[in-house]
Amino acid sequence: MSAADLTVSSVSWTQGATQPAILQDTSFHLRAGRVMGVVGANGAGKTTLLRMIYRFARPTTGTVKIDGRDIWNMSPRDCARLVSAVLQEQPTDFALTVRDVVTLGRIPHRSGYGAYAPRCRAVVEQCLERMELTDYADRSFGTLSGGERQRVMVARALAQEPQILVLDEPTNHLDIRHQLEVLKLIDDLDITIVTSLHDLNMAANVCDDVLLLHRGQQIAFGAPTDVLTSERVSAAFGVHAEFDWLTTTARPHLTFNLSNTNTGKH
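When we follow this note's numbering, the leftmost residue of the sequence shown carries the number 8, and every step to the right adds one.
Take a look at the structure:
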């Protein structure tokens, strides 16, 4: 796998011409190989932004470019060779085995309607092994727990061999052990990663850059230590936030309470 630059320029997204914008005038440049966390309260516009990055929703204004190429000037297949996504919503009724689901990640690399090439099969087996799914490979996807399904969808995304990986709350449904494994995976992958996270301390510790959104507006983008200030977090989440420094990581550690807030009105 290799990494790519991601440049988002002045994007906005509106449901309809008469509706207010769900995301407004958001811009950032994420250098190849870096991990960016997208944070904000519910309704901040995180999922909308991710949908534009993996080419599900076309921006109302602005552009999304990978290594300088506008993704909406690419074919869906070409874009799928560059970007893969793991979403919060997981299908539960697939009449497919785990191996079948992971193999779906190879579709953008498939030529015609013939059998998958030997290399495709090898990539699938590697992804199954990486996510500790080899023993589940022949089980029906629908029989798995939520956490197991999440790991399968991560394996499917990796099977695309993307240059950019989009993760929408990747630790949802996972127990502590597998949360740590996903975080280690993020740290180990040599690709560009964009992930939405509710856990701000997790974002501070695993992300190179953080984008803070509030009610569809970009508040700040940059290093976690610059973005996740107590003032910004308090305003964006309607809580009283304080931080101290973790000596082991030199990253901020945030704590929260409801005192000294105005019930979220800013």
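Ideal Cβ placement from N, Cα and C applies to all residues, glycine included.
Residue burial annotation: His36 is exposed, with fewer than 16 other C-beta atoms found within 10 angstroms of its C-beta. Assignment of alpha helix (DSSP H) within the stretch 60 to 115, counting only whole runs of 4 or more residues, yields 83 to 87 and 105 to 110 in chain order.
In terms of CA proximity to Ala24, Thr68 leads the group Val45, Leu56 and Thr68. Looking at the DSSP output, Leu204 shares a beta bridge with no other residue. Met43 sits in a strand when the DSSP states are folded into three classes. Cβ contact annotation for Leu261 (same chain, cutoff 8 Å, sequence separation greater than five): Leu207, Asn208, Ala211, Leu235, Ser237, Val240, Ala248, Glu249 and Phe250, in chain order. A distance of 8 Å or more separates the beta carbons of Ala28 and Gly154. Residues Val42, Leu174, Pro177, Ile200, Thr202 and Val213 of the same chain have their beta carbon placed closer than 8 Å to that of Ile193, with the five preceding and five following residues left out of the count. A contact is defined here as three or more CB-CB pairs under 8 Å, and the stretch 114 to 134 fails this definition with respect to the stretch 53 to 67.
Between Leu30 and Gln22, the alpha-carbon positions lie close to 10 Å from each other. Going by C-alpha positions, Ile114 is about 44 Å away from Gly245. The residues Val93, Leu94, Gln97 and Val108, in chain order, have a CB closer than 8 Å to that of Met160 in the same chain once the five nearest residues on each side in sequence are set aside. Where Asp233 is concerned, the enclosing alpha helix (DSSP H) starts and stops at Pro231 to Val234. Beta bridge pairing from DSSP links Leu13 with Leu37 and Ile73. Between Ala10 and Asp215, the CB-CB gap reaches or exceeds 8 Å. Inclusion of His221 and Gly47 in the CB contact set at 8 Å is warranted, their separation being smaller than that value. Under the three-state reduction of DSSP, Gln224 is assigned to strand. Ala166 and Gly112 have their C-alpha atoms spaced approximately 5 Å apart. Annotated three-state conformation of Thr178 is coil, per DSSP. CA-CA distance, Ala164 to Ile60, rounds to 15 Å. Pairing Thr110 with Phe148 gives a Cβ-Cβ distance that is not under 8 Å. If you look at Ser241, you'll find it in the alpha helix (DSSP H) that goes Ser237 to Phe244. For the set Pro66, Ser34 and Arg62, the Cα lying nearest the Cα of Ser82 is the one of Arg62.
Here Gln157 is buried: its Cβ has 16 or more other Cβ atoms, across all protein chains shown, within 10 Å.
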